[in-house]
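Visitor: The numbering of the sequence shown is full-length UniProt numbering, which starts it at 1 and goes up by one.
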Amino acid sequence: MDLRVHLQDVGGRDGLVRLDRLPDDKVGGQYIFEAQFETWEQARATYNATNGLTAWWTMHKPLVAHLADRYAYHIIVSLRQYHAQQGRWDILAEAGNDVCTLTVIERKDRVSVRVAGQDRRAVGALKVRVEKLAAGHTLDVWHPGLTQAFLDGVENATGVYVQIDRPRKSVKIYADDRRPDNVERAQYRVRAEVRRLETCEHTVRLKWQSVRFFVRRGLKRLTDTFGEDAATLDVQSRPCTITIRGGTDMRHTLNALIKESLDVEAELIGVEASASSCPVCSDTVSSPVELGCGHKYCTPCVRHLLMSGSTLPLLCALDRLLDTAIAYFIEHHPRYYKYCRTPGCMQIYRTSSRAQGCPRACPSCLADICCSCHEEAHPGMSCEERKMYDDPEEQERLLGSWADSTGSKRCGSCNVLIEKMDGCNHVACRCGVHICWICGHIFPEGRIYPHLHAAHGE
1 MDLRVHLQDV
11 GGRDGLVRLD
21 RLPDDKVGGQ
31 YIFEAQFETW
41 EQARATYNAT
51 NGLTAWWTMH
61 KPLVAHLADR
71 YAYHIIVSLR
81 QYHAQQGRWD
91 ILAEAGNDVC
101 TLTVIERKDR
111 VSVRVAGQDR
121 RAVGALKVRV
131 EKLAAGHTLD
141 VWHPGLTQAF
151 LDGVENATGV
161 YVQIDRPRKS
171 VKIYADDRRP
181 DNVERAQYRV
191 RAEVRRLETC
201 EHTVRLKWQS
211 VRFFVRRGLK
221 RLTDTFGEDA
231 ATLDVQSRPC
241 TITIRGGTDM
251 RHTLNALIKE
261 SLDVEAELIG
271 VEASASSCPV
281 CSDTVSSPVE
291 LGCGHKYCTP
301 CVRHLLMSGS
311 TLPLLCALDR
321 LLDTAIAYFI
331 EHHPRYYKYC
341 RTPGCMQIYR
351 TSSRAQGCPR
361 ACPSCLADIC
371 CSCHEEAHPG
381 MSCEERKMYD
391 DPEEQERLLG
401 SWADSTGSKR
411 CGSCNVLIEK
421 MDGCNHVACR
431 CGVHICWICG
441 HIFPEGRIYP
451 HLHAAHGE
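What follows is the structure, given as structure tokens:
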């Protein structure tokens with residue numbers, strides 16, 4: 001008999017999914033194995049039967065087994081972010097208990113955060129709080145001229161970690177709530193820098209004859225010379241505009257390019273846009289691309305349209321666009337889709353019309369939800385039964401109906417319901433009083449029978 005046979009005997013031949021030896025053959029003079037089972041219950045049963053086990057194939061030395069947590073979640077954050085938010089991470093760690101814990105391990109330049117425990121609801125709720133803290137707070141400002149060097153200076157002055165998210169054109173801050181004044185100072189500095197950068201911008205309205213030139217090569221010549229974020233061509237505005245961010249040299253270069261564009265397109269002056277004109281450059285469509293709306297665009301123009309500017313949400317605000325679209329869709333289809341009931345959890349589930357309930361586990365917060373009544377899952381109980389169970393007035397009404405049907409009565413002292421099956425009309429309640437079952441009056445023990453005889457002829 002060996003380890004694999006033992007694990008299959010204890011956890012079931014079909015329960016053992018894999019048994020692997022760690023890459024290092026020996027750790028501390030001992031072999032280290034990792035076993036995975038179909039269910040956590042099988043793993044627990046195997047752990048109980050394996051930890052401390054001695055056998056001839058262990059050379060009569062006890063096996064040391066470790067059981068993984070039933071539910072676990074793991075996330076990595078940067079060391080700078082963790083230090084900026086350390087007070088809030090400490091609060092989350094203290095929120096752990098016997099059924100759910102939060103463990104933080106600092107490494108060279110990052111921090112590993114692990115939420116684990118035996119209770120799925122507790123782990124799920126803490127997981128949502130961890131994800132929200134790790135996501136930080138997004139400021140409602142943006143400017144492509146912001147540099148990480150400037151934001152590093154904000155961090156040194158305020159202790160608030162500020163990060164640029166260029167793909168989403170946003171600024172995120174990570175801070176400790178215990179110092180709200182520092183957060184306000186950091187936000188003020190970032191907003192002031194954005195205002196300063198905006199004053200350095202210069203926007204020029206382009207004649208339609210110049211648009212194609214700047215789409216195809218003029219914009220690239222500007223960005224190649226002065227930097228990727230130095231110029232922006234907005235082909236959605238009417239008229240189209242180009243915005244530069246720089247000094248006198250850049251303005252001279254832009255003016256020269258505008259003059260060149262007019263010279264190149266001089267032969268098109270006075271030609272009106274036809275039905276086949278490109279909606280971007282207002283010129284005859286070249287290398288046409290037809291969109292779903294039926295309009296035809298020049299291939300370079302539609303490429304620039306999709307890849308440029310803060311006015312187009314397809315790339316620069318895709319997440320926000322998707323969130324808005326999903327929220328709009330759910331708002332207009334409330335019968336079919338709902339948000340998870342856990343506060344802060346943004347998972348969505350499809351509703352069900354099953355009267356017996358439709359339990360589902362949220363993949364994000366791990367909460368059990370009934371997709372029919374949208375409350376906590378209630379296995380073994382219909383939605384109507386669960387509703388009655390949670391409604392005190394309905395419970396009281398049903399209890400009253402049951403009491404009327406069985407002839408039960410309430411004790412005049414403790415108000416508990418008493419059901420009398422047979423016997424005399426002297427009833428002793430568990431609270432210690434003696435009751436006349438006929439009229440419901442309460443008497444001392446020695447006076448109940450004289451009352452029954454005098455008042456009721458018994």
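C-beta: ideal position from N, C-alpha, C; glycine also.
Quick check: the Cα distance between residue 217 and residue 211, rounded to an integer number of angstroms?
Guide: Within the sequence shown, residue 217 is the residue found at index 217, counting from 1. Within the sequence shown, residue 211 is the residue found at index 211, counting from 1. Rounded to whole angstroms, the separation of the alpha carbons of residue 211 and residue 217 is 10 Å.
Visitor: Going residue by residue through the stretch 85-130, where are the continuous alpha helix (DSSP H) segments of at least 4 residues, counting only ones entirely within it?
Guide: Taken in chain order, the complete alpha helix (DSSP H) segments of 4 or more residues contained in the stretch 85-130 are 86-94.
Visitor: Could you confirm whether any beta carbon from chain C is found closer than 8 Å to the beta carbon of residue 345?
Guide: Checking the listed chains, one finds no chain C in this structure; it contains a single protein chain.
Visitor: Count the other CB atoms, across all protein chains shown, that sit within 10 Å of the CB of residue 455; report buried if there are 16 or more and exposed otherwise.
Guide: Walking along the sequence shown from the start, residue 455 turns up at place 455. Residue 455 comes out exposed.
Visitor: Hey, residue 372 and residue 365 are a contact pair by Cβ (cut 8 Å); roughly how many whole angstroms apart?
Guide: Within the sequence shown, numbered from 1, the residue matching residue 372 stands at position 372. Within the sequence shown, numbered from 1, the residue matching residue 365 stands at position 365. Rounded, the Cβ-Cβ distance is 19 Å, inconsistent with contact.
Visitor: Measure the beta-carbon distance from residue 47 to residue 72 and round it to whole angstroms, keeping in mind my assumption that it falls under 8 Å.
Guide: As a working mapping, residue 47 is identified with position 47 in the sequence shown. As a working mapping, residue 72 is identified with position 72 in the sequence shown. In fact, because the Cβ distance is near 16 Å, the residues do not count as touching under 8 Å.
Visitor: For the stretch 163-180 and the stretch 70-85, state whether three or more C-beta atom pairs, one from each stretch, are separated by less than 8 Å.
Guide: These segments touch.
Visitor: Would residue 122 and residue 99 qualify as a contact pair, given that the criterion is a beta-carbon distance under 8 Å?
Guide: Sequence index remark: in the sequence shown, residue 122 carries index 122 (1-based). Sequence index remark: in the sequence shown, residue 99 carries index 99 (1-based). Yes, the pair counts as a contact, with Cβ atoms nearer than the cut-off.
Visitor: Use the C-beta contact count for residue 127: other C-beta atoms within 10 angstroms, 16 or more gives buried, fewer gives exposed.
Guide: As a working mapping, residue 127 is identified with position 127 in the sequence shown. Burial call: buried.
Visitor: Any idea what DSSP makes of residue 16, helix, strand or coil?
Guide: By one-based count along the sequence shown, residue 16 stands at place 16. Looking at residue 16 - three-state DSSP - the assignment turns out to be strand.
Visitor: Where are the alpha helix (DSSP H) runs, 4 residues long or more, that stay fully inside the stretch 173-214, in chain order?
Guide: The DSSP assignment places complete alpha helix (DSSP H) segments of no fewer than 4 residues inside the stretch 173-214 at 180-199, 208-213, in order along the chain.
Visitor: Quick check on this structure: which residue in 426, 432, 431 has the alpha carbon closest to the alpha carbon of residue 439?
Guide: Taking the first residue of the sequence shown as 1, we reach residue 439 at position 439. Checking every option, the nearest Cα to that of residue 439 belongs to 426.
Visitor: Would you mind working out which of 419, 414, 422 sits nearest residue 432, comparing C-alpha positions?
Guide: Numbered from 1 along the sequence shown, position 432 holds the residue referred to as residue 432. Answer by Cα proximity: 414.
Visitor: Around the C-beta of residue 94, are 16 or more other C-beta atoms found within 10 angstroms, so that it is buried, or is it exposed?
Guide: Residue numbering aside, residue 94 sits at position 94 when the sequence shown is read from its first letter. With fewer than 16 Cβ atoms within 10 Å of its Cβ, residue 94 is classed as exposed.
Visitor: Tell me whether the beta-carbon of residue 374 lies closer than 8 Å to the beta-carbon of residue 350.
Guide: In the sequence shown, the residue the question calls residue 374 occupies position 374. In the sequence shown, the residue the question calls residue 350 occupies position 350. No, the Cβ-Cβ distance between residue 374 and residue 350 is not below 8 Å.
Visitor: Between which two residues does the alpha helix (DSSP H) containing residue 395 stretch?
Guide: Stepping through the sequence shown from its first residue, residue 395 is reached at position 395. Taken as a continuous stretch (DSSP letters only), the alpha helix (DSSP H) holding residue 395 covers 392-406.
Visitor: The alpha helix (DSSP H) spanning residue 220 covers which residue range?
Guide: Counted from its first residue, the sequence shown places residue 220 at position 220. From DSSP, the alpha helix (DSSP H) with residue 220 extends over 219-226.
Visitor: Of the residues 32, 146, 49, 240, which one's Cα is nearest the Cα of residue 8?
Guide: As a position in the sequence shown, residue 8 is number 8, starting the count at 1. Closest option to residue 8, Cα to Cα, is 49.
Visitor: In the DSSP output, what is residue 231 paired with across the bridge?
Guide: To locate residue 231, count along the sequence shown from 1; it is residue 231. BP columns for residue 231 point to 244.
Visitor: Using the C-alpha atoms, what's the distance from residue 298 back to residue 257?
Guide: Walking along the sequence shown from the start, residue 257 turns up at place 257. Walking along the sequence shown from the start, residue 298 turns up at place 298. Separation of residue 257 and residue 298 (C-alpha to C-alpha, rounded to the nearest whole angstrom) is 21 Å.
Visitor: Going by C-alpha distance, which of 379, 179, 145 is nearest residue 164?
Guide: Counting from one through the sequence shown, the residue named residue 164 turns up at place 164. Ranking 379, 179, 145 by Cα distance to residue 164 puts 145 first.
Visitor: Run through the DSSP bridge pairs and tell me what residue 33 is partnered with.
Guide: What you label residue 33 is simply residue 33 of the sequence shown in a count that begins at 1. Residue 33 pairs with 21.
Visitor: If you draw a straight line from the C-alpha of residue 42 to the C-alpha of residue 11, how long is it?
Guide: Here residue 42 refers to the residue found at position 42 of the sequence shown. Here residue 11 refers to the residue found at position 11 of the sequence shown. Annotation: residue 42 to residue 11 spans about 5 Å, alpha carbon to alpha carbon.
Visitor: Is the Cβ-Cβ distance between residue 428 and residue 417 less than 8 Å?
Guide: As a position in the sequence shown, residue 428 is number 428, starting the count at 1. As a position in the sequence shown, residue 417 is number 417, starting the count at 1. Residue 417 sits away from residue 428, with the two beta carbons spaced by 8 Å or more.
Visitor: For the putative contact between residue 21 and residue 33, defined by C-beta atoms under 8 Å, what is the C-beta separation to the nearest angstrom?
Guide: Looking up residue 21 in the sequence shown gives position 21. Looking up residue 33 in the sequence shown gives position 33. About 5 Å separates the two Cβ atoms, so the contact holds.
Visitor: Could you have a look at residue 147 and say whether DSSP puts it in helix, strand or coil?
Guide: The residue labelled residue 147 in the question sits at position 147 within the sequence shown. If DSSP states are grouped into helix, strand and coil, residue 147 belongs with coil.
Visitor: Tell me whether the beta-carbon of residue 133 lies closer than 8 Å to the beta-carbon of residue 79.
Guide: Against the sequence shown, residue 133 aligns to sequence position 133. Against the sequence shown, residue 79 aligns to sequence position 79. No. Outside cutoff.
Visitor: Which residue from 249, 187, 141, 255 puts its Cα closest to that of residue 160?
Guide: Along the sequence shown, one-based indexing puts residue 160 at 160. Comparing Cα-Cα distances from residue 160 to each of 249, 187, 141, 255, the minimum goes to 187.
Visitor: Taking residue 97 as the reference, give the member of 118, 107, 113, 108 with the closest Cα.
Guide: One-based indexing of the sequence shown puts residue 97 at position 97. The shortest C-alpha separation from residue 97 is found at 118.
Visitor: Residue 366 by DSSP, collapsed to three states: which one?
Guide: Stepping through the sequence shown from its first residue, residue 366 is reached at position 366. Reduced to three states, the DSSP call for residue 366 is coil.
Visitor: Once DSSP output is grouped into helix, strand and coil, what is the label at residue 8?
Guide: If you number the sequence shown from 1, residue 8 lands on position 8. Correct three-state label for residue 8: helix.
Visitor: Where do the ends of the beta strand (DSSP E) carrying residue 375 lie?
Guide: Position 375 of the sequence shown holds residue 375. Neither: residue 375 is in no beta strand (DSSP E) and is coded neither H nor E.
Visitor: For residue 448, which residues of its own chain have a beta-carbon under 7 Å away from its beta-carbon, when the five flanking residues on both sides are left out?
Guide: As a position in the sequence shown, residue 448 is number 448, starting the count at 1. Excluding sequence neighbours, residue 448 sits near 426, 434, 436.
Visitor: Please name the residue in 154, 39, 450 whose C-alpha comes closest to that of residue 183.
Guide: Along the sequence shown, read from residue 1 onward, the residue named residue 183 stands at position 183. The candidate whose alpha carbon is nearest that of residue 183 is 154.
Visitor: Using a 10 Å radius around the Cβ and a threshold of 16 neighbouring Cβ atoms, would you call residue 370 buried or exposed?
Guide: For the purposes of this step, residue 370 is taken as residue 370 along the sequence shown, with counting starting at 1. Only buried fits residue 370, as 16 or more other CB atoms lie within 10 angstroms of its CB.
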